[in-house]
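Encoded as structure tokens, the structure appears first; notes follow it.
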Amino acid sequence: MPELPEVEAIRSQLETFLKGHKIEDVIVSDKRSFLGDRRDIIGSCFVEFSRFGKVLFLGLDNDFSLIVHLKLTGQLVYRGPNLRKPPPLSEKIVGGLPGRYTRVVFKLDRNGFLYFNDLRVFGWIKVVKNSEFKPEELVKRLGYEPPAVPSPSLPTLTLKDFSNILSKSKKAVKLILMDQEKIAGIGNIYANDALFLAGIDPRRPANSLRDYEQNNLYNSIIKVLKDGIKRGGSSENTFVNVDGTEGKYQDFTFVYGKVGQNCPRCGAEIKKIQLGGRGTYFCEGCQK
DNA sequence: AGTATCCTGGAA
DNA sequence: TTCCAGGATACT
Numbered sequence: 233m234p235e236l237p238e239v240e241a242i243r244s245q246l247e248t249f250l251k252g253h254k255i256e257d258v259i260v261s262d263k264r265s266f267l268g269d270r271r272d273i274i275g276s277c278f279v280e281f282s283r284f285g286k287v288l289f290l291g292l293d294n295d296f297s298l299i300v301h302l303k304l305t306g307q308l309v310y311r312g313p314n315l316r317k318p319p320p321l322s323e324k325i326v327g328g329l330p331g332r333y334t335r336v337v338f339k340l341d342r343n344g345f346l347y348f349n350d351l352r353v354f355g356w357i358k359v360v361k362n363s364e365f366k367p368e369e370l371v372k373r374l375g376y377e378p379p380a381v382p383s384p385s386l387p388t389l390t391l392k393d394f395s396n397i398l399s400k401s402k403k404a405v406k407l408i409l410m411d412q413e414k415i416a417g418i419g420n421i422y423a424n425d426a427l428f429l430a431g432i433d434p435r436r437p438a439n440s441l442r443d444y445e446q447n448n449l450y451n452s453i454i455k456v457l458k459d460g461i462k463r464g465g466s467s468e469n470t471f472v473n474v475d476g477t478e479g480k481y482q483d484f485t486f487v488y489g490k491v492g493q494n495c496p497r498c499g500a501e502i503k504k505i506q507l508g509g510r511g512t513y514f515c516e517g518c519q520k
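Numbers given in our numbering equal positions in the first sequence, counted from 1, plus 232.
The following block contains the structure:
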């Protein structure tokens, strides 16, 4: 379940490892995972590495690009000459490399390989022609991005934007945080943690937040996302980095995945409920 | 606005 | 054996 910090970690490592690498062949073992014509990208080099919310945009030097959405269980792992000392692969790479869940393999020059593993086959890699590319192809529509990285590709979410978005909906505030059309990049882990840090009940109607609460939540979102990036993402579930190692944020989450454990602030038991069909963790005492 | 759907392994 | 996990979308 890569979210903004995880996808940013991947983007940054892809840039390090793939820059200048040439695609010699593309082996598609599951057609559901690769959309477009593989022949359009064979022979081209990786030159651009961007991220829009949770979506990766990899530009090639031949007027084509790759758009990648990892969804829940997608993993991109590189092995090759740009890894000086290949670290041991995480156990989160279920099935091995290549293995049972390897859906696409990019064979690169100088004996390099980029593997796309995806246990649940929700993720996809799409080939687009730059001249015909429309941003809507990324995802239906993406909203503002919280300023957690120096130069986001999407318009930056300001406190004012955030306040406008919240005041326009009476839906539960957590659902608004995770609505990619409004705010891009936040998923279940960071939504839970940001709401805990701000002391706000995830079920509160978005338009019921007072100014100081909006302000708190805005700052909390930026803080947890930056924290996630600093820790190299959260490997709570299936996330691994491009070098095959795990992130560390899962050891620093406040409430996500901690049902029954003690609230880090007051010690009370962390509760779990369903909200919009998703597991929602919070402390009844600390979040009002 | 709320719910089913895609998919598969792992937990209950 | 059933249920749950979850991002985004297609439904009702």
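We treat Cβ as the ideally placed atom computed from N, Cα and C, and that holds for glycine.
With distances taken from CA atoms, which of the options is nearest residue i?
{"i": "A401", "options": "D293, E256, L441", "result": "For the record, residue 401 in the displayed sequence is Ser; it is not Ala. Minimum Cα distance to S401 is reached at L441."}
{"i": "P378", "options": "V353, R497, I453", "result": "I453"}
{"i": "K254", "options": "K414, D425, L457, V279", "result": "V279"}
{"i": "T388", "options": "L288, I408, Y450", "result": "Y450"}
{"i": "V353", "options": "L302, G327, N424, I432", "result": "L302"}
{"i": "D393", "options": "L374, V381, L407, K414", "result": "K414"}
{"i": "V187", "options": "Y444, M233, L267", "result": "The question about residue 187 has no answer, for the chain in this structure spans 233 to 520."}
{"i": "K406", "options": "L288, V260, R436, D483", "result": "R436"}
{"i": "V456", "options": "A426, A430, V472", "result": "A426"}
{"i": "L251", "options": "G275, I273, F281, S261", "result": "Note on residue identity: the sequence assigns Lys, not Leu, to residue 251. Out of G275, I273, F281, S261, F281 has the C-alpha closest to the C-alpha of K251."}
{"i": "Q482", "options": "V491, I421, L429, L292", "result": "I421"}
Is it buried or exposed for residue i, if we count other Cβ within 10 angstroms and need 16 for buried?
{"i": "A500", "result": "exposed"}
{"i": "G476", "result": "buried"}
{"i": "P434", "result": "buried"}
{"i": "D269", "result": "exposed"}
{"i": "Y376", "result": "buried"}
{"i": "G465", "result": "buried"}
{"i": "C515", "result": "buried"}
Would you say residue i and residue j are within 8 angstroms of each other, going by their C-beta atoms?
{"i": "G417", "j": "L236", "result": "yes"}
{"i": "Q493", "j": "I502", "result": "yes"}
{"i": "G312", "j": "L340", "result": "yes"}
{"i": "F249", "j": "L298", "result": "no"}
{"i": "Y310", "j": "V474", "result": "yes"}
{"i": "R243", "j": "R271", "result": "no"}
{"i": "E256", "j": "I461", "result": "no"}
{"i": "N439", "j": "L391", "result": "no"}
{"i": "R463", "j": "G489", "result": "no"}
{"i": "Y347", "j": "N424", "result": "no"}
{"i": "N396", "j": "F296", "result": "no"}
{"i": "I325", "j": "V472", "result": "yes"}
{"i": "V287", "j": "V371", "result": "yes"}
{"i": "L374", "j": "G508", "result": "no"}
**OP:** May I have a chain-ordered list of the alpha helix (DSSP H) segments no shorter than 4 residues that lie completely inside the region 270-305?
**Re:** With a minimum length of 4 residues, no continuous alpha helix (DSSP H) run stays inside the region 270-305.
**OP:** Would you list, in sequence order, the uninterrupted beta strand (DSSP E) runs of no fewer than 3 residues that lie entirely inside the region 338-379?
**Re:** Within the region 338-379, the complete beta strand (DSSP E) runs of at least 3 residues are 344-350, 356-361.
**OP:** Could I get the ranges of all uninterrupted alpha helix (DSSP H) runs contained in the region 412-468, with 4 residues as the minimum, in chain order?
**Re:** For the region 412-468, the full-length alpha helix (DSSP H) segments reaching 4 residues or more read 420-430, 443-462 along the chain.
**OP:** Could I get the ranges of all uninterrupted beta strand (DSSP E) runs contained in the region 238-272, with 3 residues as the minimum, in chain order?
**Re:** With a minimum length of 3 residues, the continuous beta strand (DSSP E) runs that stay inside the region 238-272 are 255-260.
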